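>
There are 2 protein chains.
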Amino acid sequence: MSPTSQPSGPGAPGSPGSPGSDSTTVQDYVKVIYSATEWQDKPVTMSALAARLQVANSSVTEMVRKLVGLGLARHEPYSPVELTPSGLRLALSMVRRHRLLETYLVWELGYGWDEVHDEAELLEHTVSDMLIERMSQRLGHPVRDPHGDPIPAADGTVQQPDAHLIGLLDDGHRGTVARISDANPDLLRYLDSEQLKLDTAVEVVGHKPFGGALTVRVGSDPGREIDLGDESAAAVWVSTVGSHPGCNLEQ
Amino acid sequence: MSPTSQPSGPGAPGSPGSPGSDSTTVQDYVKVIYSATEWQDKPVTMSALAARLQVANSSVTEMVRKLVGLGLARHEPYSPVELTPSGLRLALSMVRRHRLLETYLVWELGYGWDEVHDEAELLEHTVSDMLIERMSQRLGHPVRDPHGDPIPAADGTVQQPDAHLIGLLDDGHRGTVARISDANPDLLRYLDSEQLKLDTAVEVVGHKPFGGALTVRVGSDPGREIDLGDESAAAVWVSTVGSHPGCNLEQ
DNA sequence: TTATAGATTTAGGTATGCCGAAATTTCGCA
DNA sequence: TGCGAAATTTCGGCATACCTAAATCTATAA
Ligand SMILES: [Mn+2]
Ligand SMILES: [Mn+2]
Ligand SMILES: [Mn+2]
Ligand SMILES: [Mn+2]
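Residue numbers (our numbering), protein chains in the order written: chain H, 1 to 251; chain G, 1001 to 1251.
Here it is in structure tokens:
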């Protein structure tokens, strides 16, 4: 995060799990700690946080110390970080904001799904609870964002879809695209150009040898076959509805 | 402004008069310097800025020094502050953002005109140029905000309505409400309850003695008469269309 | 079992912005 | 013309958040 300064968002300090009086930096750290274990459950290390937040390791050490002081995180020296219940509530509130904003930008203002992440990353800290709820209302209270990520309800409830990373599925497995990581806009544009969107039917046709590309049939019936590289295969989740046996779900 | 910190908004540093890489603090100072002379032209003093921004005089001295360094303002010691052409461009860009946001919140998300100011005050620093232009497009490129304040065009053009403070008009003067200061939400709610809205026809019926209240006929034909106190009379501007003679327009 | 590479924390410093108190300057009025 | 009140600036400090370099700890691999 850049060092320039600004007031933190509105919202009463009291409302349960709302951003309240936390700085935008605290909000981002907590949100990143949460989302690091959303689609895989390796515990979050300090250096993983540093990498995601694009700051030095020492900065993470300092901020995590602060989060612990605020009662938002637990941390033993030289160990991974965990959220407290209070930190989890804040994180869910931020995630709700982020994903509702993305959804609003796509459906109400004609943004592409590759254009919304950065805008939401900033707005999430600024928008009031009232604005968020009005947007949710206007959208008919959606439960997932344009990338398939679940939108936590205002009360903190989340319904995580039962999906698996396509790169870990065995040949012959089929299902529909349930989620695509929005980390890389270029990748989103590429997948879009290949007709691989949310809810598209897909089937794992085969693996190229030596950890190479993954061949996937896209679309219903005959479909088209495309090859996904490592990065693509690590960004697409497939719902296990009507799944075949033999899925490597450990790790 | 509170001391918590956050990245400043997006937008290329280059685009003419766009927020670019200026901190939200710089953006607010420049905007306040601009709007201080928008409806009256006393030069802006340091203490006036401090009062509007709710910071100490010494803080203003420091920030103004910085604005001068950035080429956004001119300032001789112990004198009022002025914007440079570059500062004016930035200010107009911020004002456009603020007013377009207010307008969007009212027309697209059902906000009341008394609820939008604080929300816009924060969002103006965070929203991208792209989002602003999409909102403008969605609204049909409005030229004034819910309070009657003109919305500068993307190229910096402003069409300031020809209006006068109702408190300075002589008895018998009539016209339509062209602008109501949004500084005080309570006042906005009061005026709203009295049917005194934008474009409402009004006539100055009389002045109570000793600088007291102003009696105003509201609405067309018979209309209703209401008494406006000092604060109200200093917040309502009336368009001079079909004006009668005798308007105290000096000062 | 013990080096030692890698992860993490500590130490020392920078940049923003803001504050109160203490100078300093200006300007109206006696 | 000169005095003092008001406005403005200077000075010393604080809080946040980040960084680099230098410890320090942990865990793996001889
Ligand atoms: Mn963010
Ligand atoms: Mn998303
Ligand atoms: Mn503002
Ligand atoms: Mn307004």
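We put the CB at the ideal spot given by N, CA and C, even for glycine.
Since the structure is predicted, the reported quantities are computational estimates derived from the model, not experimental observations.
#1: Determine the closest residue to G/V1236 out of G/E1203, G/R1224, G/G1223 and G/S1220, with distance taken between C-alpha atoms.
#2: For H/R97, verify whether its CB is less than 7 Å away from any heavy atom of ligand 2.
#3: H/S23 to H/V55, Cα distance in whole Å?
#4: Got a sec: is the Cβ-Cβ distance from H/R96 to anything in chain G below 8 Å?
#5: In chain G, which residues lie with their C-beta within 8 Å of the C-beta of H/S59?
#6: Starting from G/E1124 and walking both ways along the beta strand (DSSP E), at which residues does that stretch end?
#7: Would you verify that the beta carbon of G/T1200 is, or is not, closer than 8 Å to some beta carbon of chain H?
#8: Buried or exposed for H/S8, going by 16 or more other Cβ atoms inside 10 Å?
#9: So with CB distances below 7 Å, who are the chain G contacts of H/E133?
#10: Of all Cβ atoms in chain H, is any one closer than 8 Å to the Cβ of G/E1082?
#11: DSSP on H/I151, reduced to helix/strand/coil?
#12: Which ranges would you report for the alpha helix (DSSP H) in the segment 1057-1145 of chain G if only whole runs of at least 4 residues count?
#13: Taking H/G87 as the reference, which of H/G219, H/L72 and H/V81 has the closest Cα?
#14: List the whole-angstrom C-beta distance separating G/A1163 from G/S1239, where the pair is believed to meet the contact cut-off of C-beta under 8 Å.
#15: Assign G/D1182 to one of three DSSP states: helix, strand, or coil.
#16: Which chain H residues sit within Cβ distance under 7 Å of G/S1128?
#17: Any heavy atom of ligand 1 inside 7 Å of the beta-carbon of H/D28?
#18: Taking the C-alpha atoms as reference points, what is the distance between G/A1178 and H/S93?
#19: Chain G beta carbons: is any one of them nearer than 8 Å to that of H/G71?
#20: Using a Cβ-Cβ distance under 8 Å, would H/L122 count as near chain G?
#21: Give me the Cα-Cα distance between H/A213 and H/L188, rounded to the nearest whole angstrom.
#22: Identify which residue in H/L105, H/G69 and H/A48 has its Cα closest to the Cα of H/S79.
#23: Taking 6 Å as the limit between beta carbons, can you name the residues of its chain near G/V1030, skipping five residues before and five after?
#24: By the 10 Å Cβ neighbour count, where 16 or more other Cβ atoms means buried, how is G/R1224 classified, buried or exposed?
#25: Please check if any C-beta of chain G sits within less than 8 Å of the C-beta of H/L109.
#26: According to the Cβ coordinates, are H/T200 and H/G229 closer than 8 Å?
#27: Would you grab the beta carbon distance between G/S1018 and G/D1129 for me? Rounded to a whole angstrom, and I think it's under 8 Å.
From the atom records:
#1: Within the second sequence, the letter at position 236 stands for residue 1236 of chain G. Among G/E1203, G/R1224, G/G1223 and G/S1220, the Cα nearest to that of G/V1236 is on G/E1203.
#2: Looking up residue 97 of chain H in the first sequence gives position 97. Because no heavy atom of ligand 2 lies under 7 Å away, the Cβ of H/R97 does not count as near it: no.
#3: Your numbering for residue 23 of chain H matches position 23 in the first sequence. Your numbering for residue 55 of chain H matches position 55 in the first sequence. The alpha-carbon atoms of H/S23 and H/V55 are separated by roughly 16 Å.
#4: Position 96 of the first sequence, counted from the start, is the residue given in the question as residue 96 of chain H. No, because no Cβ of chain G sits closer than 8 Å to the Cβ of H/R96.
#5: Locating residue 59 of chain H in the first sequence gives position 59, counting from the first residue. Per Cβ cutoff of 8 Å: no residues; H/S59 is ~13 Å from chain G at best.
#6: For the purposes of this step, residue 1124 of chain G is taken as the residue at position 124 of the second sequence. No beta strand (DSSP E) holds G/E1124; DSSP gives it neither H nor E.
#7: For the purposes of this step, residue 1200 of chain G is identified with residue 200 of the second sequence, where counting begins at 1. So, not an interface residue.
#8: Stepping through the first sequence from its first residue, residue 8 of chain H is reached at position 8. Here H/S8 scores only 33 on pLDDT, less than 50, and its place in the model should not be relied on; the value that follows carries that caveat. Classification of H/S8: buried, given that the 10 Å Cβ count is 16 or more.
#9: Sequence index remark: in the first sequence, residue 133 of chain H carries index 133 (1-based). Neighbours of H/E133 on chain G: none; closest Cβ ~10 Å, over 7 Å.
#10: To locate residue 1082 of chain G, count along the second sequence from 1; it is residue 82. For G/E1082, the answer is no, since every Cβ of chain H falls outside 8 Å of its Cβ.
#11: In the first sequence, residue 151 of chain H corresponds to position 151, counting from 1. H/I151: coil per DSSP, three-state reduction.
#12: 1057-1069, 1085-1109, 1116-1123 and 1129-1138
#13: For the purposes of this step, residue 87 of chain H is taken as the residue at position 87 of the first sequence. Nearest of H/G219, H/L72 and H/V81 to H/G87, Cα basis: H/L72.
#14: Position 163 of the second sequence, counted from the first residue, corresponds to residue 1163 of chain G. Position 239 of the second sequence, counted from the first residue, corresponds to residue 1239 of chain G. Right, the Cβ-Cβ distance comes to about 5 Å (below 8 Å), so this counts as a contact.
#15: Taking the first residue of the second sequence as position 1, residue 1182 of chain G is located at position 182. Three-state DSSP puts G/D1182 in coil, outside helix and strand.
#16: Working through the second sequence from its first residue, we reach residue 1128 of chain G at position 128. By Cβ distance, chain H contributes E119.
#17: Mapped onto the first sequence, residue 28 of chain H falls at position 28. Flag set: Cβ of H/D28 near ligand 1.
#18: Position 178 of the second sequence holds residue 1178 of chain G. Position 93 of the first sequence holds residue 93 of chain H. One C-alpha to the other measures close to 40 Å.
#19: On the first sequence, residue 71 of chain H is found 71 positions in, with the first residue counted as 1. No, H/G71 lies away from the interface with chain G (no Cβ there is under 8 Å from its Cβ).
#20: The residue labelled residue 122 of chain H in the question sits at position 122 within the first sequence. It does; some Cβ of chain G falls within 8 Å.
#21: Translated into the one-based positions of the first sequence, residue 213 of chain H becomes position 213. Translated into the one-based positions of the first sequence, residue 188 of chain H becomes position 188. The alpha-carbon atoms of H/A213 and H/L188 are separated by roughly 18 Å.
#22: Within the first sequence, residue 79 of chain H is the residue found at index 79, counting from 1. Comparing Cα positions, the closest option is H/A48.
#23: Mapped onto the second sequence, residue 1030 of chain G falls at position 30. Contacts found: L1072, G1087, L1090 and A1091.
#24: The residue you call residue 1224 of chain G lines up with position 224 of the second sequence. Looking at its Cβ environment, which holds fewer than 16 other Cβ atoms inside 10 Å, G/R1224 is exposed.
#25: Locating residue 109 of chain H in the first sequence gives position 109, counting from the first residue. At least one chain G Cβ lies under 8 Å of H/L109.
#26: For the purposes of this step, residue 200 of chain H is identified with residue 200 of the first sequence, where counting begins at 1. For the purposes of this step, residue 229 of chain H is identified with residue 229 of the first sequence, where counting begins at 1. No, Cβ-Cβ distance for H/T200 and H/G229 is not below 8 Å.
#27: Position 18 of the second sequence, counting from 1, holds the residue named residue 1018 of chain G. Position 129 of the second sequence, counting from 1, holds the residue named residue 1129 of chain G. So it is a contact: roughly 6 Å between Cβ atoms.
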